[in-house]
Amino acid sequence: MKYTAHIRSTDKKEQSVEEHCKRTATLASEYAKTTGLEKAARIAGFLHDIGKLSSVFNSYIHGDNSYKRGDIDHSFAGARYLKVLSVQSDDKNMNKAFSLIGRVILAHHGLRDWVNDDSEDIYDIRTKKENYYAEILENFQSTELSRNVNQELIEAVREVTTVRSELRKISDNKEKFAFYLGMLERFLLSCLIDADRTDTADFMSDSETETEFDTKQLWKDMQNRLNEKLNRFSSRTDDISIQRRSISDRCFEYASNEVRICKLIVPTGGGKTLSSLRFAIEYAKQHDLKKIIYIAPFMSILEQNSDEIRSIAGEEAFLEHHSDMLADIADNDEKLNEYELRTEKWDSPVIATTMVQFLNSLFSGKTSSIRRMHRLSDAVIIIDEVQSIPLKCVYLFNLAMNFLSQVCGSTIVLCSATQPPFELLNEFPMILDKNDSMTGETTDDFNAFRRTELIYQEKNGGFSYDETADFCRDKFQKHGSLLVVVNTKSSAKELYSRLSDTENAHVFHLSTNMCPQHRRKCINDIKEKLSENIPVICVTTQLIEAGVDISFGCVVRSLAGLDNAAQAAGRCNRNGEHNEICPVYILHIWEEKLGSLVEIKNAQNVSREMFCMSEDKDYLSVEVLSAYFRKLYTSGSNDRKLRYPLSETTDQDLINLLSLNKHRVKNRCPHLEFCGQAFKKAGGFFEVIDSDTRAVIVPYNDDAKEIITALGSEQSPKEIAKLLRKAQKYSVNIYSGTQQKLENEAAIYDIKCGNSEKSVVTILNDGFYNEKFGITVEGGLHEVLIL
Numbered sequence: 004m005k006y007t008a009h010i011r012s013t014d015k016k017e018q019s020v021e022e023h024c025k026r027t028a029t030l031a032s033e034y035a036k037t038t039g040l041e042k043a044a045r046i047a048g049f050l051h052d053i054g055k056l057s058s059v060f061n062s063y064i065h066g067d068n069s070y071k072r073g074d075i076d077h078s079f080a081g082a083r084y085l086k087v088l089s090v091q092s093d094d095k096n097m098n099k100a101f102s103l104i105g106r107v108i109l110a111h112h113g114l115r116d117w118v119n120d121d122s123e124d125i126y127d128i129r130t131k132k133e134n135y136y137a138e139i140l141e142n143f144q145s146t147e148l149s150r151n152v153n154q155e156l157i158e159a160v161r162e163v164t165t166v167r168s169e170l171r172k173i174s175d176n177k178e179k180f181a182f183y184l185g186m187l188e189r190f191l192l193s194c195l196i197d198a199d200r201t202d203t204a205d206f207m208s209d210s211e212t213e214t215e216f217d218t219k220q221l222w223k224d225m226q227n228r229l230n231e232k233l234n235r236f237s238s239r240t241d242d243i244s245i246q247r248r249s250i251s252d253r254c255f256e257y258a259s260n261e262v263r264i265c266k267l268i269v270p271t272g273g274g275k276t277l278s279s280l281r282f283a284i285e286y287a288k289q290h291d292l293k294k295i296i297y298i299a300p301f302m303s304i305l306e307q308n309s310d311e312i313r314s315i316a317g318e319e320a321f322l323e324h325h326s327d328m329l330a331d332i333a334d335n336d337e338k339l340n341e342y343e344l345r346t347e348k349w350d351s352p353v354i355a356t357t358m359v360q361f362l363n364s365l366f367s368g369k370t371s372s373i374r375r376m377h378r379l380s381d382a383v384i385i386i387d388e389v390q391s392i393p394l395k396c397v398y399l400f401n402l403a404m405n406f407l408s409q410v411c412g413s414t415i416v417l418c419s420a421t422q423p424p425f426e427l428l429n430e431f432p433m434i435l436d437k438n439d440s441m442t443g444e445t446t447d448d449f450n451a452f453r454r455t456e457l458i459y460q461e462k463n464g465g466f467s468y469d470e471t472a473d474f475c476r477d478k479f480q481k482h483g484s485l486l487v488v489v490n491t492k493s494s495a496k497e498l499y500s501r502l503s504d505t506e507n508a509h510v511f512h513l514s515t516n517m518c519p520q521h522r523r524k525c526i527n528d529i530k531e532k533l534s535e536n537i538p539v540i541c542v543t544t545q546l547i548e549a550g551v552d553i554s555f556g557c558v559v560r561s562l563a564g565l566d567n568a569a570q571a572a573g574r575c576n577r578n579g580e581h582n583e584i585c586p587v588y589i590l591h592i593w594e595e596k597l598g599s600l601v602e603i604k605n606a607q608n609v610s611r612e613m614f615c616m617s618e619d620k621d622y623l624s625v626e627v628l629s630a631y632f633r634k635l636y637t638s639g640s641n642d643r644k645l646r647y648p649l650s651e652t653t654d655q656d657l658i659n660l661l662s663l664n665k666h667r668v669k670n671r672c673p674h675l676e677f678c679g680q681a682f683k684k685a686g687g688f689f690e691v692i693d694s695d696t697r698a699v700i701v702p703y704n705d706d707a708k709e710i711i712t713a714l715g716s717e718q719s720p721k722e723i724a725k726l727l728r729k730a731q732k733y734s735v736n737i738y739s740g741t742q743q744k745l746e747n748e749a750a751i752y753d754i755k756c757g758n759s760e761k762s763v764v765t766i767l768n769d770g771f772y773n774e775k776f777g778i779t780v781e782g783g784l785h786e787v788l789i790l
């Protein structure tokens, strides 16, 4: 009897369980190759769907209405098969290896918590299920799958034992070892999920979606294109150009080393993007790595640098993955389908994506995120503006980078002019290379690019809004253009209102109360006026600080972290257009209400200490910034916050859930000391950005209004999806406090998309959005990372 795994909807052709499991095994094995777990992944692929070798499942898939989706558990059988084998043996290594592979099989439709609320062993419970197992086992043993599995078992045990030994070498305590074992399980699960979904999609579409790239040739082609670009600047003899070439050459030469985790410390204007890419291409070429992945925390940086990388990689080899891309191609069904497939798989050799997507692939509970994780192996991973890692994610980030570099064969490049000393942290330091600076000594680099001076403007009690506005006017009159950066949207509005009538000035306001399309228009208007030497004042939140290629004669920054000050300084005299050192003033604005923004308050306190301690007044030196981050990460209760606490009122955190899970395991399931992780719970809690927000579509222009009208009319689900993607550039995320204010003013309303009860979007009324401020009833919250 043939047992069916899938039935193609178009022609009713059937794929057998054996066919599906064999190709899934082949793909999973290929994905796991870098970690040395080919056989383990292969066994997981062979066994993951053997639970479908039953008459019950065969009836269900052929349309028996007695069953609905999810009624028949088919993932337990492969895990049970391995559990029975391990029970029959007293080999501890076999037990550990089969437990790992079995857990991966059990979780291939979603993460599990391996100890439940009653402290019961879920793996043990699931692998004791009968559920037609006798029939499944008999059918399995009559297939070639059984022989395939049995031939690979011993080698799979050896593989897992070897990798566990490698993990012990980088673990000086039980918590680290348990965490790394959890990462290993997630990695293997990622290989299985991607292989399973890829084969299923290929069968259903009657095609193969695996794209093969000749990366050796690609790296050569990219290197040639990059060299052509660099050669255009080779004849320049000014000091800045000479120093940029020196930085670039040192990055290229560094690629001859064996690199796991290193730092690229380059001052603003030093050509960091092209220099890091030059290293990545040469390193991938010399060491035969298969991918180059660029990570950025802010959309402004990502979009700007993606264009640069795309021009070197070529369209076919390059994937730019972030939420705004969907809006740009929403009208082109073919491009949209291709893009969605590529973002699901991350199989492009060159990828540019956001910090949110990157961290989600490592820690989110969504199956789509887990699927991408294995693509982070065998890669050069460039992490730009690495200081932007949220405080709560620091230890998770450190441990994950250790895992990717030590186990997955990847090379991590930490890019920033303001490098946190991740390697010096107490509990979970990052394992940096011995010679970790890609460019070596950086003093000459920073001296060559010194264009600004950071000045802490002391004043007892701080500045009021009126005093800040007076100070800003004075500096504007002296320098001709001024950027004012504050910590909250309400502060931006307060100062804009006071500065809007400044004589001879074009005054702009920027914040995330404005939709993306509105912000882009404003930034382009500002750039145009600055290029024509028209006097400009821009009052903004921190959204402008990182990656926006814009330059003012003077900057005033509301007191926050020293890293924020450094980023603001990067928008001042950016191209050395002023033949002098330009000032960046730091002011404490006492009227700026930070409310629950505890991290900014902590950063303010540490920054004040650094301003008082630093004798040479070079507040942006590598040494001072390193000292700042060390103090920031260890001050007050911050050390605990680095573990990603679940709340202020509990001692539970994600590090514990993803390692020893002491609250459920200790004294109750001691045999699960290293395999009792709460993956599902941790994945549900994990968010790079706190999600206490709601997306509101705003009537910014005629296009936005047409989209709003269309969403409320009769539309097919496909058209609704297309409209929602187009609406992203007209959407503003509001926090609950702002939402309440808008509701009190009857400023927002919900519409049912295409009259669907399930698809509801929130719309802003016309009168509550204007050209100056965007949404006019705002909360006081600061800017966040992008998706």
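Per this note's numbering, residue 4 is the first one in the sequence shown, and the count goes up by one each step. Note that CB positions come from ideal geometry on N, CA and C, so glycine has one too.
Would you call residue i buried or exposed, if buried means 16 or more other Cβ atoms sit within 10 Å of its Cβ?
i           : result
residue 4   : exposed
residue 90  : exposed
residue 680 : buried
residue 615 : exposed
residue 66  : exposed
residue 555 : buried
residue 179 : buried
residue 574 : buried
residue 199 : buried
residue 674 : exposed
residue 535 : exposed
residue 464 : exposed
residue 381 : buried
Tell me which same chain residues have a C-beta within less than 7 Å of the C-beta of residue i, skipping the five on either side of it?
i           : result
residue 361 : 298
residue 136 : 80, 83
residue 52  : 8, 20, 23, 24, 77
residue 633 : 424, 427
residue 6   : 19, 20, 55, 56, 61, 142
Looking only at C-alpha atoms, which of the options sits nearest to residue i?
i           : options            : result
residue 405 : 263, 234, 153      : 263
residue 285 : 226, 247, 238, 324 : 226
residue 392 : 126, 448, 357      : 357
residue 399 : 660, 519, 279, 143 : 660
residue 748 : 780, 718, 530      : 780
residue 170 : 643, 708, 416, 408 : 408
residue 703 : 275, 485, 521, 174 : 521
Enumerate in chain order the residues of its own chain whose CB-to-CB distance from residue i is below 6 Å, with the five nearest sequence positions on each side excluded.
i           : result
residue 28  : 45, 48, 49
residue 753 : 763, 765
residue 243 : none
residue 560 : 488, 568, 571, 589
residue 784 : Low per-residue confidence applies at residue 784: pLDDT is 44, beneath 50, and the placement is therefore not dependable, though the value from the model is reported in the following sentence. Contacts found: 738.
residue 458 : 586, 588
Looking only at its own chain, which residues have a Cβ that is under 8 Å from the Cβ of residue i, when we skip the five neighbours before and after it?
i           : result
residue 439 : 264, 265, 266, 426
residue 165 : 39
residue 563 : 490, 545, 603, 606, 607, 610
residue 638 : 605, 608, 609
Three or more C-beta pairs below 8 Å linking the stretch 675 to 690 and the stretch 108 to 121 = yes
Please specify which runs of the alpha helix (DSSP H), each continuous and at least 4 residues long, are wholly inside the stretch 456 to 523, giving them in chain order.
-> 468 to 482, 492 to 502
Ordered list of alpha helix (DSSP H) runs contained in the stretch 420 to 459, each at least 4 residues = The stretch 420 to 459 contains, as complete alpha helix (DSSP H) runs of 4+ residues, the segments 446 to 451 (chain order).
Run through the stretch 95 to 153 for me and flag every whole alpha helix (DSSP H) of 4 or more residues, listed as ranges in chain order.
-> 95 to 109, 125 to 129, 136 to 144
What alpha helix (DSSP H) runs, 4 residues minimum, are completely inside the stretch 267 to 309?
-> Considered as a whole, the stretch 267 to 309 harbours 275 to 290 as its complete alpha helix (DSSP H) runs of no fewer than 4 residues, in chain order.
Are the stretch 512 to 522 and the stretch 441 to 456 in contact at 8 Å, needing three or more beta carbon pairs?
-> At 8 Å Cβ cutoff, the stretches do not touch.
Are three or more beta carbon pairs between the stretch 241 to 253 and the stretch 598 to 609 nearer than 8 Å?
-> no
Can we say the stretch 535 to 554 touches the stretch 482 to 497, given the rule of at least three CB pairs closer than 8 Å?
-> yes
Does the pairing of the stretch 189 to 197 with the stretch 95 to 114 give three or more beta-carbon distances under 8 Å?
-> yes
Determine contact between the stretch 231 to 239 and the stretch 371 to 379, defined as no fewer than three beta-carbon pairs at a distance below 8 Å.
-> no
Are there three or more Cβ pairs, one per stretch, closer than 8 Å when the stretch 383 to 390 is compared with the stretch 362 to 370?
-> no
Answer yes if the stretch 313 to 321 comes into contact with the stretch 340 to 353, meaning at least three C-beta pairs across the two stretches below 8 Å, and no otherwise.
-> Contact between the stretch 340 to 353 and the stretch 313 to 321 is present, because at least three Cβ pairs lie under 8 Å.
Runs of alpha helix (DSSP H) wholly within the stretch 599 to 629 (minimum 4 residues, chain order) = Unbroken alpha helix (DSSP H) stretches of 4 residues or longer found wholly inside the stretch 599 to 629: 601 to 616, given in chain order.
Scan the stretch 702 to 760 and note each continuous beta strand (DSSP E) run of 3 residues or more that stays entirely inside, going in chain order.
-> 734 to 738, 751 to 755
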